[in-house]
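Trainee: In the working numbering, the protein residues as written are 1237 to 1484.
Idealized CB from N, CA, C, for every residue including glycine.
Sharing a structure with you now.
Structure below.
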């Protein structure tokens, strides 16, 4: 079935007022394809700025993380309602840097995912294995465990996009081959079919997120289960537009 091509840009902990404006100005001036959905996720202090300056109809703004509570004594956290109040429509959850550095558990990520959905945000749910897990040939087992934590408490996946991000390929310059990514994405979709049903699984977009860039993005063009990219460092550069246009 046809799934809308999706490109997410995760700025991570990078940027300033000037640089975020410049990135968005480049997007505003670009002739972006109308059939590609784009979401940019700047650092939280720049969410309002990004919403206010983005003029492309196909570009939405999201947060890099949210908490699983609406308000309260949770210093440093950001709630889905606050993201929405600034005009954001999306959030990431489960990024490997939070799983491995902040030590967020599968269950906590699932709780945040459900709460964000319940509060009206759409979610880019990140999953993926470490190099050690890949060498042990348990990639799909790890992805299944991370997905199952969410499917146990979320039945409607209409507003979830899954991003497969092999930890060993994030920020390293290494990338899975298109064939490797397709094989893993196919396995992820097959597992989702068992847990949330074939119909939903066919509709869920699965992004590749390991060091995607303007040069290698077109190589994934004909892979049936690679529905787009979640881009890190390249989203800060002009080549982000090349990635958005990589299916033309």
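Can you list, in chain order, the residues of its chain with a C-beta nearer than 7 Å to that of residue 1295? Leave out the 5 residues immediately preceding and following it.
Mentor: On the chain shown, position 59 is the one that residue 1295 refers to. Contacts found: 1263, 1274 and 1276.
Trainee: Taking 9 Å as the threshold (C-beta atoms), are residue 1399 and residue 1432 in contact?
Mentor: As a position in the chain shown, residue 1432 is number 196, starting the count at 1. As a position in the chain shown, residue 1399 is number 163, starting the count at 1. Not closer than 9 Å, so no.
Trainee: Which residues in the same chain as residue 1346 place their Cβ atom closer than 8 Å to its Cβ, once the five residues preceding and following it in sequence are excluded?
Mentor: Along the chain shown, one-based indexing puts residue 1346 at 110. Only 1385, 1386, 1388, 1389 and 1390 meet the Cβ criterion.
Trainee: State yes or no: is the C-beta of residue 1359 within less than 9 Å of the C-beta of residue 1336?
Mentor: Within the chain shown, numbered from 1, the residue matching residue 1359 stands at position 123. Within the chain shown, numbered from 1, the residue matching residue 1336 stands at position 100. Contact flag unset, no.
Trainee: Between the Cα of residue 1409 and those of 1417, 1447, 1437 and 1427, spot the shortest distance and give me the residue it belongs to.
Mentor: Within the chain shown, numbered from 1, the residue matching residue 1409 stands at position 173. When each option's Cα is compared against that of residue 1409, the closest is 1447.
Trainee: Looking at residue 1316 and residue 1357, is the spacing between their C-beta atoms short of 9 Å?
Mentor: The sequence position of residue 1357 within the chain shown is 121, counting from 1. The sequence position of residue 1316 within the chain shown is 80, counting from 1. Cβ distance < 9 Å, so residue 1357 and residue 1316 count as in contact.
Trainee: Contact check, residue 1450 vs residue 1475 under 8 Å by CB: the rounded distance?
Mentor: Mapped onto the chain shown, residue 1450 falls at position 214. Mapped onto the chain shown, residue 1475 falls at position 239. Indeed they touch by this definition, with Cβ atoms about 3 Å apart.
Trainee: Candidates 1292, 1348 and 1333: which alpha carbon is nearest residue 1313's?
Mentor: Counted from its first residue, the chain shown places residue 1313 at position 77. Residue 1313 has its Cα closest to that of 1348, out of 1292, 1348 and 1333.
Trainee: Return the chain-ordered list of same chain residues with a C-beta closer than 7 Å to the C-beta of residue 1470, the five sequence neighbours on each side being excluded.
Mentor: Along the chain shown, one-based indexing puts residue 1470 at 234. These residues qualify, in order along the chain: 1448, 1449, 1450, 1476 and 1479.
Trainee: When we look at the beta-carbon of residue 1461 and count the other beta-carbons within 10 Å, is it buried (16 or more) or exposed?
Mentor: As a position in the chain shown, residue 1461 is number 225, starting the count at 1. It is buried - the Cβ of residue 1461 has at least 16 other Cβ atoms within 10 Å.
Trainee: If we ignore side chains and look at the alpha-carbon of each, how far apart do residue 1304 and residue 1351 end up?
Mentor: Within the chain shown, residue 1304 is the residue found at index 68, counting from 1. Within the chain shown, residue 1351 is the residue found at index 115, counting from 1. Looking at the two C-alpha atoms, the distance is approximately 6 Å.
Trainee: Using DSSP bridges, identify the partner residues of residue 1326.
Mentor: The residue labelled residue 1326 in the question sits at position 90 within the chain shown. Partner(s): 1298 and 1358.
Trainee: Based on Cα-Cα distance, which residue from 1372, 1353 and 1343 lies nearest to residue 1381?
Mentor: Indexing the chain shown from 1 puts residue 1381 at position 145. Of the candidates 1372, 1353 and 1343, the one whose C-alpha sits nearest the C-alpha of residue 1381 is 1343.
Trainee: Taking only runs of the alpha helix (DSSP H) that begin and end inside the region 1361-1447, which ones reach a length of at least 4 residues, in chain order?
Mentor: Fully enclosed alpha helix (DSSP H) runs of 4 or longer: 1367-1371, 1375-1387, 1414-1432 and 1434-1439.
Trainee: Is the beta carbon of residue 1397 closer than 9 Å to that of residue 1244?
Mentor: As a first step, residue 1244 is located in the chain shown; it is residue number 8 there, counting from the start. As a first step, residue 1397 is located in the chain shown; it is residue number 161 there, counting from the start. A contact, by the Cβ cut-off of 9 Å.
Trainee: Check whether the Cβ atoms of residue 1417 and residue 1481 lie closer than 9 Å to each other.
Mentor: Along the chain shown, one-based indexing puts residue 1417 at 181. Along the chain shown, one-based indexing puts residue 1481 at 245. No; because the gap between Cβ atoms is not below 9 Å, this pair is not in contact.
Trainee: Quick one: measure Cβ to Cβ for residue 1483 and residue 1457, integer angstroms, because I've assumed they're closer than 8 Å.
Mentor: Counted from its first residue, the chain shown places residue 1483 at position 247. Counted from its first residue, the chain shown places residue 1457 at position 221. Going by Cβ atoms, the distance from residue 1483 to residue 1457 rounds to 6 Å, so yes, they are a contact pair.
Trainee: If residue 1323 and residue 1287 are in contact, beta carbons under 8 Å, what's the gap, nearest whole angstrom?
Mentor: Counting from one through the chain shown, the residue named residue 1323 turns up at place 87. Counting from one through the chain shown, the residue named residue 1287 turns up at place 51. Confirmed, about 3 Å.
Trainee: Residue 1241 by DSSP, collapsed to three states: which one?
Mentor: Looking up residue 1241 in the chain shown gives position 5. Strand at residue 1241.
Trainee: Which same chain residues end up closer than 7 Å to residue 1393 when comparing Cβ atoms and leaving out the 5 residues on each side of it in sequence?
Mentor: As a first step, residue 1393 must be located in the chain shown, where it is residue number 157. Counting only Cβ-Cβ distances below 7 Å, and skipping sequence neighbours, we find 1432, 1436 and 1440.
Trainee: Could you tell me the boundaries of the alpha helix (DSSP H) in which residue 1476 lies?
Mentor: Residue numbering aside, residue 1476 sits at position 240 when the chain shown is read from its first letter. That run of the alpha helix (DSSP H) goes 1475-1480.
Trainee: Measure the C-alpha to C-alpha separation of residue 1353 and residue 1464 and round it to an integer number of angstroms.
Mentor: Taking the first residue of the chain shown as position 1, residue 1353 is located at position 117. Taking the first residue of the chain shown as position 1, residue 1464 is located at position 228. Roughly 21 Å between the two C-alpha positions.
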